[in-house]
């Protein structure tokens, strides 16, 4: 059986191996990666569009942690641990919209949508709702650091983690043109795929273009392999771009409006990035998409996608058919990948596979991801 | 309050909980709480007013302010 050390992954790509099998099939490694590759990083947990209206609250369990995504009455996003500060009861099990507060179903301690503890009924005896030993101001919900980027809600559980802006400065600069309002149409611009593979296989497949002509032959007719280039970061993202981007047209030749004040470099360029650990992004001059990979266990992942447009006009009836065509196109691309990511997962059960090798020319983005994983696990 | 009236209120309250009508729950608790206070049932009255206050807070109902003031004036809320 192959034995590979993490140092073998940190080698130059010409010599480097990929991550060993147990990083894809072991519950123990999944648990270690959850701590080091997620909890200590900024990772995606959902979308702003999950809580579109003031007062929206969505409870979710992400990698075992009960959290609440909240849009407060002023329209700002907050993320909290979904646990009452009193007896540790989970506060909400179902999504809701409220004009009021979050009430714990156990003893009815109530919290504002900014996390402040507002009421502690009968805590000082029947009909006495305070006690000098319990300072409400010190018992607000535990707030989780969050940041919204391209409508993805990122969180970190680490106190040491730099701000999101500092962590992803390189990507912010690269995609400065896309710091703009995004428009989302719920009825035809979201989809979800259940995939029987470790989440890392989806990330590493997405960031390289080497597989495109074989797995996505239709894509290859509009953007050939030679039109693609690798995107290499100093550490926490990688991907690929195309220099042959052409806007999609409907049957009448209509195209989506473009983002305002966007550089002409995007006229024929599109870029696709895996933002480590679990977010995938794609930008074009007229729309973007964001994907959050939700690891369910070491061999099951849910992929959630949203497509956003540059202008409110793109959400109107006149663009129905083009929006539908665009969503179908992207859903099909991601569905085409299922066979290969699930195939690689099955391959990780092999007794002799030794992490494999990379194309030194075509797969630097994947290598960067493996190096990132190996380096995070060393600390 | 006689036992029969109390029974009617309990049934009304159970129905409101069954259908999840928080506004009605607030109204019933509040109405009964003030009746109890008037009748000198202080402990029970503030218990019910607290119940009304909490459900009003949860729903963001305007009644919450008045109920809060009532509890605060009585030294039962800060």
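Residue numbers (this note's numbering), protein chains in the order written: chain A, -14 to 364; chain B, 11 to 88.
For every residue, glycine included, the Cβ atom is placed at its ideal position computed from N, Cα and C.
Bear in mind the structure is a predicted one, so any value in this text is a computation, not a measurement.
| query | result |
| --- | --- |
| When DSSP builds the beta bridges, which residues end up paired with residue 110/A? | 108/A |
| Run through DSSP, which three-state label would residue 306/A get? | helix |
| Please list the segments of the alpha helix (DSSP H) lying wholly inside the region 4 to 36 of chain A, counting only runs of 4 or more residues, in order along the chain. | 7 to 10 and 12 to 18 |
| For residue 58/B versus residue 42/B, is the C-beta spacing smaller than 8 angstroms? | yes |
| Pull up the CB-CB distance for residue 278/A and residue 188/A, whole angstroms please, since I reckon it's below 8 angstroms. | 7 angstroms |
| Unbroken beta strand (DSSP E) runs of length 3 or more, entirely within the region 169 to 235 of chain A: which are they? | 175 to 180, 213 to 217 and 222 to 227 |
| Quick one: Cα of residue -14/A to Cα of residue 342/A, how far? | Because the pLDDT of residue -14/A is 46, which lies under 50, any placement of that residue in the model is unreliable, and the question is left without a value. |
| For the region 80 to 112 of chain A, which residues have a beta carbon sitting closer than 7 angstroms to at least one beta carbon of chain B? | 83, 84, 85, 86, 88, 93, 95, 103, 104, 106, 107, 111 and 112 |
| Just checking my contact of residue 262/A with residue 22/A at CB under 8 angstroms: how many whole Å lie between their CB atoms? | 5 angstroms |
| Roughly how many whole angstroms lie between the Cα atoms of residue 295/A and residue 9/A? | 38 angstroms |
| So what does DSSP say about residue 87/B, is it helix, strand or coil? | coil |
| Determine, for residue 41/B, whether the minimum Cβ-Cβ distance to residues of chain A falls below 8 angstroms. | no |
| Buried or exposed for residue 56/A, please, with buried defined as at least 16 other CB atoms from any protein chain shown within 10 angstroms of its CB. | buried |
| Taking just the CA atoms, how far does residue 62/B sit from residue 77/B? | 8 angstroms |
| Is residue 99/A helix, strand or coil when you go by DSSP? | coil |
| What three-state label does DSSP hand residue 39/B in the structure shown? | helix |
| Can you confirm whether residue 115/A, when its beta carbon is compared against all beta carbons of chain B, has any partner nearer than 8 angstroms? | yes |
| Roughly how many angstroms lie between the CA atoms of residue 39/B and residue 111/A, to the nearest whole one? | 15 angstroms |
| Kindly indicate if chain A contains any beta-carbon less than 8 angstroms away from that of residue 88/B. | yes |
| Following the continuous alpha helix (DSSP H) through residue 350/A, name the residue where it begins and the one where it ends. | 349 to 363 |
| Pull the bridge partners of residue 56/A from the DSSP assignment, please. | 62/A |
| Just to confirm, is the Cβ distance from residue 162/A to residue 244/A under 8 angstroms? | yes |
| Indicate whether at least one CB of chain A lies closer than 8 angstroms to the CB of residue 64/B. | yes |
| Which residues, taken in chain order from the region 42 to 57 of chain B, show a beta carbon closer than 7 angstroms to some beta carbon of chain C? | Note that chain C does not occur in the displayed structure, where the protein chains are A and B. |
| For the region 119 to 153 of chain A, which segments carrying the beta strand (DSSP E) assignment without a break, of at least 3 residues, lie completely within its bounds, in sequence order? | 128 to 134 and 137 to 141 |
| Among 20/A, 194/A and 312/A, whose alpha-carbon lies nearest the alpha-carbon of residue 172/A? | 312/A |
| Hey, residue 140/A and residue 64/A are a contact pair by Cβ (cut 8 angstroms); roughly how many whole angstroms apart? | 5 angstroms |
| DSSP three-state label for residue 286/A, please. | strand |
| Could you check if residue 93/A is buried or exposed, using at least 16 other CB atoms within 10 Å of its CB as the buried criterion? | buried |
| Please compile the residues from chain A whose C-beta is within a distance smaller than 7 angstroms of the C-beta of residue 80/B. | The contacting residues do not exist; residue 80/B stays about 11 angstroms from chain A at best. |
| Grab the span of the beta strand (DSSP E) containing residue 339/A for me, first residue to last. | Looking at the DSSP string, residue 339/A is not in any beta strand (DSSP E), and its letter there is neither H nor E. |
| Taking C-alpha atoms, which residue in 85/A, 206/A, 154/A and 50/A lies nearest to residue 127/A? | 50/A |
| Provide the residue(s) that pair with residue 81/A in DSSP beta bridges, ordered along the chain. | 42/A |
| Less than 8 angstroms between CB atoms is the rule here; does residue 70/B satisfy it with respect to chain A? | yes |
| Let me know if residue 326/A comes out buried or exposed under the rule of 16 or more other beta-carbons within 10 Å of its beta-carbon. | buried |
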